[in-house]
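In what follows, a structure is listed as structure tokens, so that the remarks can point back to it.
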Amino acid sequence: MAKSQKYKLAIIEEQPDWVDKFRLKLRDDFELVVFTLTPELTKEELAKQIEESEVDCIIADYDLQEAEVVQFNGDEIVAEYKKKFPFFPAFIITSKEEEDILPLIHDNEIVRLKDELVDKTVILIQRIKNKIENYYDSIKAAEELIDQLVEKKKTADLSLQEEEKLTEQYQFLEKIDSKNKELPDNLIQPASITKLDEFVENTKQIIEELSKLKK
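Here is the structure:
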């Protein structure tokens, strides 16, 4: 996203008065995409809509079922989206007390109280921006490290630790967007096989042999 543009937020909220509050409090700092909730909407369909909207962060009300419109809560839609994009920025907003809601949420870091939207708007805005920027910074750092190790690998062998780090960073970026990140050709040529590659291959052979013994 260009620096001059506003970050885009997905707003998942079933109460019209709170949708209005989101618009009033956040519209100067973010571009808001408010999703329409209907009885027929499934969390899988909503997750697809969120992906297609190309937002930078999800803001979901925890108690979506309260209005008896949809059959899932905010933590469920966030969990559904994170099946495909596990590191994606998200916040679950709730009017409940933290001690009541935290045991029900897998990632306690993403829970914010709705009161913050009204009483601590500046702080909440900064929290959202920080989470988004940390996400993009981690992507940039992974890409830069990959570039460094790929360049080094062209002229020298990588250590086992460097190979592991290279693999980890590719796996991270694949989870960010599997369509846009492929292993470079020079890393899959026979001449580039290293200790890590050999270890993986040996492990596969051992598993195959053990499988034969079980039959």
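Numbering-wise, our numbering comes out as the position in the sequence shown, counting from 1, plus 229. Virtual Cβ for every residue (Gly too), placed ideally from N, Cα, C.
For this session: Starting from the C-beta of Leu238, find all residues in its chain whose C-beta is less than 8 Å away, skip the five residues before and the five after it, and write them out in chain order.
Result: Within the sequence shown, the letter at position 9 stands for residue 238. Result list for Leu238: Leu255, Phe259, Glu260, Leu261, Val262, Val284, Asp285, Cys286, Ile287, Ile288 and Ile357, in chain order.
Problem set entry | Leu374 at chain C interface by Cβ criterion, 8 Å | The chain labelled as chain C is not found in the depicted structure, where only one protein chain is given.
For this session: With DSSP as the reference, label Tyr291 as helix, strand or coil.
Result: Here residue 291 is taken as the residue at index 62 of the sequence shown, counted from 1. It is coil, neither helix nor strand.
Exercise. How many Å lie between Asn415 and Val307 at the Cα?
Worked result: Position 186 of the sequence shown, counted from the first residue, corresponds to residue 415. Position 78 of the sequence shown, counted from the first residue, corresponds to residue 307. The predicted position of Asn415 is uncertain, since its pLDDT is 46 and thus under 50; a value taken from the coordinates is nonetheless stated next. It is roughly 37 Å from the alpha-carbon of Asn415 to the alpha-carbon of Val307.
Exercise. Is the CB-CB distance between Leu395 and Leu402 below 8 Å?
Worked result: Position 166 of the sequence shown, counted from the first residue, corresponds to residue 395. Position 173 of the sequence shown, counted from the first residue, corresponds to residue 402. Not in contact: Leu395 and Leu402 (Cβ atoms no closer than 8 Å).
Exercise. What's the gap between the Cα of Glu242 and the Cα of Ile354?
Worked result: Numbered from 1 along the sequence shown, position 13 holds the residue referred to as residue 242. Numbered from 1 along the sequence shown, position 125 holds the residue referred to as residue 354. If you take the alpha carbons of Glu242 and Ile354, they lie about 17 Å apart.
For this session: For Glu392, count neighbouring Cβ atoms within 10 angstroms of its own Cβ and tell me buried if that reaches 16, exposed if not.
Result: As a working mapping, residue 392 is identified with position 163 in the sequence shown. Buried, because 16 or more other Cβ atoms sit within 10 Å of the Cβ of Glu392.
For this session: Only counting runs of 3 or more residues, tell me where the beta strand (DSSP E) segments fall wholly within the region 344–379, in order along the chain.
Result: Qualifying beta strand (DSSP E) stretches: none in this window.
For this session: Could you check if Arg341 is buried or exposed, using at least 16 other CB atoms within 10 Å of its CB as the buried criterion?
Result: For the purposes of this step, residue 341 is taken as the residue at position 112 of the sequence shown. Flag for Arg341 reads buried.
Problem set entry | Close-in-space but distant-in-sequence residues of the same chain around Glu273 (CB under 7 Å, 5 per side omitted) | For the purposes of this step, residue 273 is taken as the residue at position 44 of the sequence shown. So the list reads Glu309, once near-sequence residues are dropped.
Exercise. Under the three-state reduction of DSSP, which class applies to Arg252: helix, strand or coil?
Worked result: As a position in the sequence shown, residue 252 is number 23, starting the count at 1. The answer is helix: DSSP assigns Arg252 an H, G or I state.
Exercise. Looking only at DSSP bridge pairs, what is Glu273 linked to?
Worked result: Within the sequence shown, the letter at position 44 stands for residue 273. Looking at the DSSP assignment, Glu273 forms no beta bridge with any residue, so it has no partner.
Exercise. Between Tyr364 and Phe316, is the Cβ-Cβ spacing less than 8 Å?
Worked result: Translated into positions along the sequence shown, residue 364 becomes position 135. Translated into positions along the sequence shown, residue 316 becomes position 87. When the beta-carbon positions are compared, Tyr364 and Phe316 come within less than 8 Å of each other.
Exercise. Looking at the unbroken alpha helix (DSSP H) that takes in Ala308, where does it start and where does it end?
Worked result: Within the sequence shown, residue 308 is the residue found at index 79, counting from 1. Membership of Ala308 in the alpha helix (DSSP H) is indicated by the continuous run Gly303 to Lys313.
Problem set entry | Cβ-based neighbour list, Ile422, same chain, cut-off 7 Å, excluding 5 preceding and 5 following | The sequence position of residue 422 within the sequence shown is 193, counting from 1. Below a pLDDT of 50, predicted positions are generally treated as unreliable, and Ile422, at 41, falls in that range; the measurement from the model is reported next regardless. Contacts found: none.
Exercise. Roughly how many whole angstroms lie between the Cα atoms of Ile321 and Asp344?
Worked result: In the sequence shown, counting from the first residue as 1, residue 321 sits at position 92. In the sequence shown, counting from the first residue as 1, residue 344 sits at position 115. Each residue's CA atom was taken as its position, placing Ile321 and Asp344 some 13 Å apart.
For this session: With a cut-off of 8 Å on the beta carbons, I'd call Ile405 and Phe314 a contact; round off their distance for me.
Result: Against the sequence shown, residue 405 aligns to sequence position 176. Against the sequence shown, residue 314 aligns to sequence position 85. Contact flag correct, Cβ pair sits at about 7 Å.
For this session: Given a cut-off of 8 Å, decide if Gln244 and Phe264 are closer than it, judged by their beta-carbon atoms.
Result: Translated into positions along the sequence shown, residue 264 becomes position 35. Translated into positions along the sequence shown, residue 244 becomes position 15. Contact check for Phe264 against Gln244 fails: the beta carbons are separated by 8 Å or more.
For this session: State the DSSP-derived secondary structure class of Gln237, mapped to helix, strand or coil.
Result: Here residue 237 corresponds to residue number 8 of the sequence shown, with the count starting at 1. Sequence check: residue 237 is Lys here, not Gln. Secondary structure of Lys237 (DSSP, three-state): strand.
Exercise. Which residues bound the alpha helix (DSSP H) around Glu403?
Worked result: Here residue 403 corresponds to residue number 174 of the sequence shown, with the count starting at 1. Its alpha helix (DSSP H) spans residues Leu389 to Ile405.
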